[in-house]
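**Q** Quick note: the sequence shown uses this note's numbering, first residue 175, plus one each step. C-beta atoms are modelled at their ideal positions from N, C-alpha and C, and glycine is treated no differently. Sharing a structure with you now.
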Amino acid sequence: MSKQNAANAKTGLHFQNAYTKLHIHPFYKYLIWFLGIPLHIFTVLYYQFKKKDTIYPILYSEIKNTLLSEGFKAKLKLDYHNQIIQKQSFFDQKVSMEETEKQAEKLAEERFEKEIQHRTMIALEQKGMKKQSYSSFFENLLAKPLFLIVSFIPGILMYALLLLLNNSYVKFIFERLVMGIFVVLGVVVLVFTILYISPFDPAANIIGVTGTKEQIAQFNHIYGLDLPYLNQLWNAVKGIFTFNLGNSFAGNEDVAASIANKFPVTLKLTLYALIMAIVVAIPIGIISATKSNSFFDYTFMFIALLGLSIPNFWQGLIFILNFSIKLQWLPATFSPQNGLSMIMPVVVLGTALTASVARMTRSSMLEIINEDYIITAKAKGLNRSQVLWKHAIGNAMIPIITVIGLLFGGMLGGAAVTEKVFNISGIGSYIVDKQFIPDIPAILGGVVYIAITISLVNIIIDILYAFFDPRIRSKMKQS
């Protein structure tokens, strides 16, 4: 039984510490209040009831009566009255006596209230006590196992939040997800505004030059294009966050279904290119750094420079000309049923990323292997491979991860060129085809899918920072 009581007390302290820690931050403070509204309704009433039994109201009333009997409030009012008259005289202002009295009364009341509270707090401290706010009252309740049991149902959402966010890693991920929501919202507003002020007219482009004014007006009415800007923006934001992207202007196809079919193709293409870049570039960068200024170093970095300099569309056309038309090794266009058709698009899309990662790996490794702690590790007698794998590579990964994260987002958003060259029906080519109408629902849906993916990738990158750098893990725990 004593073990059970100890476990319950420990649980109560766990929730109390989590509440105290999160209550410091304004965002979490209001979020906890919002999720705990059903519970706070009862605890506020209980607090008001208990408040009557405390000594604070008694001391407050005694000090207030003492100050009133001493004429403290009347003296304050007289002082403020004289100050207001002097100010009016100095600035040559003409204000009625009744208005002057109201100002003096208001200022005296505020000062009188502050003085009562100040003296009451001093009296409490002299008695070895302090005023208990609702926040501290609620914290003390959380430490009681019986309160947790009774309040579990009305406070289940709040307790779930406290339990999750008490873990520093979960809290870190939660904060990044909240930031991601605001990023997506900003992307929606920005993209919609650009499309709204665009000189292109969706109705005229779809109906054609033969369309009458009545047909164009009817088209605009059907799709809500005749509404004011804020109304259209609200409908777009609401559609995104309720997962109702609507129908496209051209073809009247369901936007969500179209994107669900096309986005996985682009994502798979980008992920394969990313894997290729990591597998090829990081070993090349490490070899170049460990054999700096050698034949291998110059050769690899020259090839990397070429990879950065070659435009995607030109590289794709050269690949098609040589590997498809001349050698007939690989198919010229993409086909989901043919795995070989993915090779050339992946290589073309991943060439620039591979080159960038290789160069960053080399420069980061060169910087790390000349640090004092690497020299110390060598002086201790560790062999070259131990120094390299145990001390150098882990510390060199932070800037490499940053580059990979940044370029992955650009690669995902810029896959349209590669998709057009290889006739891939992906999200990039889908957005390009729709932007000249402009097909607002289709473009918004495609861009938001990409923005969500990039936000998730950035969260993964931030987690990898903590995995490779213990200093970041320490800061996460402290925050």
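Between L335, P402, Q262, D607, which lies nearest to Y193 when the distance is taken from Cα to Cα?
**A** Of the listed residues, the one whose Cα sits closest to Y193 is L335.
**Q** State the Cα-Cα distance for the pair G398 and Q406, rounded to the nearest angstrom.
**A** Taking the straight line from one Cα to the other gives about 7 Å.
**Q** Does DSSP classify D266 as helix, strand or coil?
**A** Here D266 sits in coil by DSSP.
**Q** With a Cβ-Cβ cutoff of 8 Å, do M518 and L501 count as a contact?
**A** Taking 8 Å as the Cβ cut-off, M518 and L501 do not qualify as a contacting pair.
**Q** Quick check: what's the CA-CA separation for V439 versus Y370?
**A** Between V439 and Y370, the C-alpha separation is close to 29 Å.
**Q** Do you know offhand how far P510's Cα is from A570's?
**A** In a straight line, the C-alpha of P510 is about 38 Å away from that of A570.
**Q** Assuming A455 and V531 are in contact, meaning their beta carbons sit under 8 Å apart, how far apart are those beta carbons, in whole angstroms?
**A** Rounded, the Cβ-Cβ distance is 4 Å, consistent with contact.
**Q** Buried or exposed for G360, going by 16 or more other Cβ atoms inside 10 Å?
**A** Burial call: exposed.
**Q** Can you name the start and end residues of the alpha helix (DSSP H) that Y403 belongs to?
**A** Note, Y403: alpha helix (DSSP H), 403 to 415.
**Q** Please name the residue, chosen from Q389, V363, A451, I368, that lies closest to H408 on a Cα-to-Cα basis.
**A** First, the residue type needs correcting, since residue 408 is Trp and not His in the sequence shown. It is V363.
**Q** In angstroms with no decimal places, state the Cα-to-Cα distance between N426 and P612.
**A** Distance between the alpha carbons of N426 and P612 is about 14 Å.
**Q** Smallest Cα separation from R285: which of S270, L252, A297, K268?
**A** Measuring from the Cα of R285, the nearest candidate turns out to be L252.
**Q** Determine the burial state of H214: buried for a count of at least 16 other Cβ atoms within 10 Å of its Cβ, exposed for fewer.
**A** Flag for H214 reads buried.
**Q** Is D636 helix, strand or coil when you go by DSSP?
**A** In the structure shown, D636 sits in a helix (DSSP, three-state: H, G or I).
**Q** Using only CA atoms, which one of L479, T525, S462, I477 lies nearest to F493?
**A** Considering only alpha carbons, the answer is T525.
**Q** Between which residues of its own chain and G600 is the CB-CB distance below 7 Å, once the five residues before and five after are set aside?
**A** So the list reads K436, V439, T440, L443, A589, E593, once near-sequence residues are dropped.
**Q** How would you call M534, buried or exposed, if buried means at least 16 neighbouring beta carbons within 10 angstroms?
**A** Buried is the call here.
**Q** Check for me: the alpha helix (DSSP H) holding H395 runs from which residue to which?
**A** Segment 387 to 396, the alpha helix (DSSP H) holding H395.
**Q** Where does I131 land, buried or exposed, given buried means 16+ other C-beta within 10 angstroms?
**A** Look at the range of the chain in this structure, 175 to 653, and you will see that residue 131 is not part of it.
**Q** Can you grab the Cα-Cα spacing for the pair G413 / E279, in whole Å?
**A** Each residue's Cα considered, the two are about 54 Å apart.
**Q** Spatial neighbours of P373 within its chain, please: CB distance less than 6 Å, with the 5 preceding and 5 following residues excluded, ordered by chain position.
**A** Cβ within range, chain order: n/a, list empty.
**Q** In or out: V520 buried (at least 16 other Cβ within 10 Å) or exposed?
**A** So V520 ends up on the buried side.
**Q** Run the CB neighbour count on M175, radius 10 Å, all protein chains shown included, and call it buried at 16 or more, exposed below.
**A** Because the pLDDT of M175 is 46, which lies under 50, any placement of that residue in the model is unreliable, and the number read from its coordinates should be weighed accordingly. Exposed is the call here.
**Q** Check the C-beta distance from I626 over to L586 and give it rounded, since I have them as a contact under 8 Å.
**A** That belief does not hold up - the Cβ atoms of I626 and L586 are roughly 11 Å apart, past 8 Å.
**Q** Throw me the rounded Cβ distance for the S348 and L339 pair, which I believe falls under 8 Å.
**A** Before going on, a small fix: residue 348 reads as Phe here, not Ser. Confirmed, about 6 Å.
**Q** To which residues does DSSP link N421 through a beta bridge?
**A** Paired residue(s): D428.
**Q** For V269, collect the residues of the same chain with a Cβ closer than 7 Å to its Cβ; drop the 5 residues on either side in sequence, then sort them by chain order.
**A** Closer than 7 Å at Cβ, skipping near neighbours: Q262.
**Q** Could you tell me if Q267 is buried or exposed, where buried requires 16 or more neighbouring beta carbons within 10 angstroms of its beta carbon?
**A** Under this definition Q267 is an exposed residue.
**Q** Are there 16 or more other CB atoms within 10 angstroms of the CB of I460, so buried, or fewer, so exposed?
**A** Looking at its Cβ environment, which holds 16 or more other Cβ atoms inside 10 Å, I460 is buried.
**Q** Anyone know if the C-beta pair for N421 and P615 falls short of 8 Å?
**A** Contact: yes.
**Q** On a Cα-Cα basis, can you pick out the residue from G354, S325, H255, A317 that is closest to I633?
**A** I633 has its Cα closest to that of G354, out of G354, S325, H255, A317.
**Q** What distance in whole Å lies between the Cβ atoms of L527 and A447, which are believed to be in contact at a cut-off of 8 Å?
**A** That pair is a contact at about 6 Å.
**Q** Nearest-angstrom Cα distance between V561 and N544?
**A** Whole-angstrom Cα-Cα distance: 12 Å.
**Q** Using the Cα positions of V365 and L618, report the straight-line distance between them to the nearest angstrom.
**A** Approximately 7 Å between the Cα atoms of the pair.
**Q** Please report the distance separating the alpha-carbon of S325 from that of P319.
**A** Rounded to whole angstroms, S325 to P319 spans 10 Å at the Cα level.
**Q** Using only the alpha-carbon positions, how far apart do S559 and G490 sit?
**A** Rounded to whole angstroms, S559 to G490 spans 39 Å at the Cα level.
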